[in-house]
Amino acid sequence: MNSPTKTKQNKLIIAKEMLGNLVDRRVLTALEVCVRCGICTESCHYYQSNPKIEHTPYYRAELVRRLYRRFFDPVGRVFPQWFGAGETTEDLLSKLAETAFSSCTLCQRCTLACPFGVETAEIMRITRSVATATGNAPDILVELANAAIAKEENAELFRDIYLDQIKDLEKEVQDILGSSKARIPVGEKGARMLYVPLAGAHTIVPQAVLFNIAQESWTLGMFEASNYAVFLADGVKAKHIAERITKEAEQVKAKEIIIAECGHAYTTMRWDVPKWRGSPLPFKVRSIIEVLDEYVREGRLHLDSAQNSQPTTYHDSCNLGRKGGIFEEPRRVIRAAASDYREMTPNRLHSYCCGGGSGLVAVEEWADIRLQAGKLKAEQIRQTGAKIVVTSCDNCRHQIKELSERHDLGIEVTSVSELAVKSLA
Amino acid sequence: MTLEIKSDQTINLEGLLCPIPVVKVSQAIKNMAVGGVLEATATDPGVLLDIPAWVKSTGNELLSIKKEDKLIRFFIKRTK
């Protein structure tokens, strides 16, 4: 996790520069107004699952405050030990990196509890930026972000492989629909929607079935929606990866970008990309969930809830729900597709993170930490008595599957799109 | 005539959805000696793109990647 190319001295210089640039007055105010009252403590799924001070949001903020004061406070520069006795700045940087990546999923639940609205997620995002720039970020997240860039840089090389793969998937769609006319168009100019899937077939085949039934004007893009540079808080790479998609949408002259069931990909395209560009996007951005809900409400998709009679619950992805405001759309589709729907408590805005968010599900060395942090979610699921858990985010899906194995929940985890296909009338 | 590739370690990624196969491959490769060959089988067609892209960005060598009906088999050599 430590880059050998960065010397200790270089790391400190980079860390100071990054922190100085990223901690603006808004963040500094957040750091200063936190009085460590502890009201946020119970809101954190890490603390609830393993109650210790390191798992409190205010402790995380305190580490950043300590580092900031060492670098920028005149007293901290002369007496750094006053802001963390017996701890070198290098140690503090390393501890901060691990905290930001392994002990906080940026779920933002603590902000709702804080009387001052301190945004710990924003503070941790800055910490992730510093960790990434100093070579302290998890290698796998860097590798996945770089692989996405490699796909774009070698697009011609990968194009034929991709088209072959899509041809195979198109046959699957035709088999499901019993129609040789069903299609998965790729890069088709003039299509109203550019649908951006993830790498896996589970985010292409069910959606293609539903688009064909709804007779949608759509096309698939070349690139996947996930953006691992967002988890690294590496603004330059994240913007680059996102631009692959906006360029495609411009090329096909799409009116809308539709993002697969993926939490961070949706919030990135919906909220972050316009900020990075400095102007609104020339097309609408929606989640596939919003589109499916529209199809059901407009009668373009007929679902039969009798097809799924098992107890079913929905896990709100923090990105789609708390950060994206998409609460009712998935529920309307699920209620149309399953006859025994049950809510977890709490849910919607106050839903607990599953523990796998913000890229943590990809970091194998911290699997135990995230599975322990997900204990609360496992208990919530158990209390519903549900046998099917629906979620609209692949990170959540991976995590809940593993939680099921770890906590013997005996559940099936699926997406809204897959459930909809199973309930086609 | 096709040459058979000899692997030093084999991992089963069948049933895993992307990017988890890449995550498992990355971890397995890091635990191998330089020059070692990893063989893997997967079922998610996403690996047909994800693995070559990961190999390109990490500088390892993809010796072969082939579809065998629903199964995808690939060999990667750790180069550094």
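Note that the protein sequences, when read in sequence, are chains V and G. Residue 177 in the numbering used here is what sits at position 177 of the first sequence, and the numbering runs on without skipping anything. Residue 1053 in the numbering used here is what sits at position 53 of the second sequence, and the numbering runs on without skipping anything. Ideal Cβ placement from N, Cα and C applies to all residues, glycine included.
So residue i is in the alpha helix (DSSP H); what residue range does that whole segment cover?
i, result
"Trp276 of chain V", "273 to 277"
"Phe1075 of chain G", "Counting along the chain, Phe1075 of chain G falls outside any alpha helix (DSSP H), though it belongs to the beta strand (DSSP E) covering 1071 to 1077."
"Arg25 of chain V", "25 to 33"
"Asn395 of chain V", "394 to 407"
"Leu163 of chain V", "155 to 177"
"Arg36 of chain V", "Unbroken run through Arg36 of chain V: none, as it is neither H nor E."
"Arg370 of chain V", "367 to 373"
Only counting the same chain, and skipping five residues up and downstream in sequence, which positions put a Cβ closer than 8 Å to that of residue i?
i, result
"Arg159 of chain V", "Met222"
"Cys396 of chain V", "Gly263, His315, Ser317, Cys354, Gly356, Gly357"
"Val75 of chain V", "Arg69, Trp82"
"Leu419 of chain V", "Asn308, Thr312, Val333, Ile334, Ala337, Ala338, Ile388, Val390"
"Pro346 of chain V", "Tyr352"
"Glu1014 of chain G", "Thr1041, Ala1042, Thr1043, Leu1071"
"Leu92 of chain V", "Leu63, Arg66, Leu67, Arg70, Gly84"
Within the continuous beta strand (DSSP E) that includes residue i, where are the two ends?
i, result
"Tyr352 of chain V", "Where Tyr352 of chain V is concerned, there is no enclosing beta strand (DSSP E), given that its DSSP letter is neither H nor E."
"Leu301 of chain V", "First-last for Leu301 of chain V: undefined, no H or E at that position."
"Lys1080 of chain G", "It is not in any beta strand (DSSP E) - Lys1080 of chain G carries neither H nor E in the DSSP assignment."
"Glu412 of chain V", "412 to 414"
"Glu261 of chain V", "That residue, Glu261 of chain V, is in no beta strand (DSSP E); it is neither H nor E in DSSP."
"Thr268 of chain V", "Per DSSP, Thr268 of chain V belongs to no beta strand (DSSP E) and is neither H nor E."
"Thr391 of chain V", "388 to 391"
Just to confirm, are residue i and residue j a CB contact at a threshold of 8 Å?
i, j, result
"Tyr58 of chain V", "Arg36 of chain V", "yes"
"Gln207 of chain V", "Ile288 of chain V", "yes"
"Ala97 of chain V", "Ala145 of chain V", "no"
"Leu163 of chain V", "Val205 of chain V", "no"
"Lys8 of chain V", "Glu119 of chain V", "no"
"Val291 of chain V", "Arg332 of chain V", "no"
"Asp1050 of chain G", "Ala254 of chain V", "no"
"Ile149 of chain V", "Ile241 of chain V", "yes"
"Phe101 of chain V", "Val33 of chain V", "no"
"Gly1035 of chain G", "Arg1078 of chain G", "yes"
"Ser417 of chain V", "Ser305 of chain V", "no"
"His55 of chain V", "Cys44 of chain V", "yes"
"Ala265 of chain V", "Asn227 of chain V", "yes"
"Ile369 of chain V", "Ala386 of chain V", "no"
"Pro1052 of chain G", "Ala201 of chain V", "no"
"Ala225 of chain V", "Thr132 of chain V", "no"
"Ala1056 of chain G", "Asn50 of chain V", "Position check: residue 1056 of chain G holds Lys in this sequence, whereas Ala was assumed. No, they are not a contact pair."
"Lys1006 of chain G", "Val1037 of chain G", "yes"
"Ile258 of chain V", "Ile245 of chain V", "no"
Look up residue i in the DSSP assignment and say whether it is helix, strand or coil.
i, result
"Asn308 of chain V", "coil"
"Lys1066 of chain G", "strand"
"Met1032 of chain G", "coil"
"Ser423 of chain V", "coil"
"Tyr46 of chain V", "helix"
"Thr1041 of chain G", "strand"
"Arg342 of chain V", "strand"
"Met1001 of chain G", "Reliability of the predicted coordinates at Met1001 of chain G is poor, the pLDDT of 49 falling under 50, and the value obtained from them is presented with this limitation in mind. Coil at Met1001 of chain G, not helix or strand."
"Thr1012 of chain G", "Here residue 1012 of chain G turns out to be Asn, not Thr, going by the sequence shown. Note: Asn1012 of chain G maps to strand in three-state DSSP."
"Ser1026 of chain G", "helix"
"Val333 of chain V", "helix"
"Thr313 of chain V", "strand"
"Lys284 of chain V", "strand"
What does a CB cutoff of less than 6 Å around residue i pick up in its chain, not counting 5 residues either side in sequence?
i, result
"Trp218 of chain V", "Ala191, Met193, Tyr195, Phe211"
"Trp1054 of chain G", "Val1022"
"Leu1071 of chain G", "Thr1041"
"Met344 of chain V", "Thr313, Gln380, Thr384"
"Met1001 of chain G", "For Met1001 of chain G, the predicted model reports a pLDDT of 49, less than 50, meaning its position is unreliable; a value from the coordinates is still stated below. Within the same chain, Met1001 of chain G has no close Cβ partners at all."
"Leu403 of chain V", "Gly374, Ala378"
"Ala238 of chain V", "Asn227, Ala229, Val230"
"Leu1016 of chain G", "none"
Give me, in chain order, the residues of the same chain whose beta-carbon lies closer than 7 Å to that of residue i; leave out the 5 immediate sequence neighbours on both sides.
i, result
"Ala362 of chain V", "Ile140, Leu141, Leu144"
"Ile326 of chain V", "Ser287, Ile289, Glu290, Leu320"
"Val236 of chain V", "none"
"Asn2 of chain V", "With a pLDDT of only 48 at Asn2 of chain V, under the threshold of 50, the placement of this residue in the model should not be trusted; the figure read from the coordinates follows. For Asn2 of chain V, where only same-chain residues beyond five positions count, the Cβ hits under 7 Å are Gly135, Asn136."
"Tyr47 of chain V", "Thr41, His55, Thr56"
"Cys393 of chain V", "Glu261, Cys262, Gly263, Ser317, Asn319, Leu320"
Kindly examine the ligand NAD and report whether one of its heavy atoms sits closer than 7 Å to the Cβ of residue i.
i, result
"Ser417 of chain V", "Absence of the ligand NAD is noted for the structure shown, with no ligands found whatsoever."
Requested in this report: Would you mind listing the beta strand (DSSP E) stretches within the region 50 to 130 of chain V that are 3+ residues and don't spill past its ends, in chain order?
Outcome: None, since the region 50 to 130 of chain V contains no complete beta strand (DSSP E) of that length.
Query raised in the report: Of all the residues that make up the region 131 to 149 of chain V, which are near chain A by a beta-carbon distance shorter than 8 Å?
Result: The structure shown contains no chain A; its protein chains are V and G.
Query raised in the report: What beta strand (DSSP E) runs, 3 residues minimum, are completely inside the region 182 to 254 of chain V?
Result: Whole beta strand (DSSP E) segments, 3+ residues: 193 to 196, 218 to 220.
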